[in-house]
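Here the structure is laid out as structure tokens; the discussion comes afterwards.
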Amino acid sequence: MFKQIVLGFIGLYRSLGFLRTGSCRFTPTCSLYTYQTVEKYGVIRGLYKGSKRILRCHPWSRGGLDPA
């Protein structure tokens, strides 16, 4: 149940994407990556992996393909 709540919040954030500008350095986007990792690994490990991904997003990052 907690997993569904977290996935719901991520889905809500993704649906509000039209309000943000810019582009993501990675494929898939960080929000989709976090959604996929929460589905695959569970809430704790998924959010941890998603947080690490967000911390890697900076101007000096190469970006590119980074599947969940």
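So the sequence shown is residues 0 to 67, counted in numbering that gives the first Met the number 0.
Don't be surprised by glycine CBs; every beta carbon is placed ideally from N, CA and C.
Given the structure is predicted, the values throughout are model-derived calculations rather than measurements.
Residue i: first and last residue of the uninterrupted alpha helix (DSSP H) it sits in
i: Arg44; result: 42-54
i: Phe1; result: 1-14
Per DSSP, cross-strand counterpart(s) of residue i
i: Phe25; result: Gly63
Check whether residue i and residue j have beta carbons under 8 Å apart
i: Tyr32; j: Phe25; result: yes
i: Lys51; j: Tyr40; result: no
Close Cβ partners of residue i (< 7 Å) along its chain, the five nearest in sequence each way excluded
i: Ser30; result: Ile9, Tyr12, Arg13
Proximal residues to residue i (C-beta, below 8 Å), its chain only, five neighbours per side dropped
i: Arg44; result: Thr36
Cβ contact (3+ pairs, closer than 8 Å) linking the stretch 51-67 and the stretch 12-19: The stretch 51-67, when compared against the stretch 12-19, does not touch it at the 8 Å Cβ threshold.
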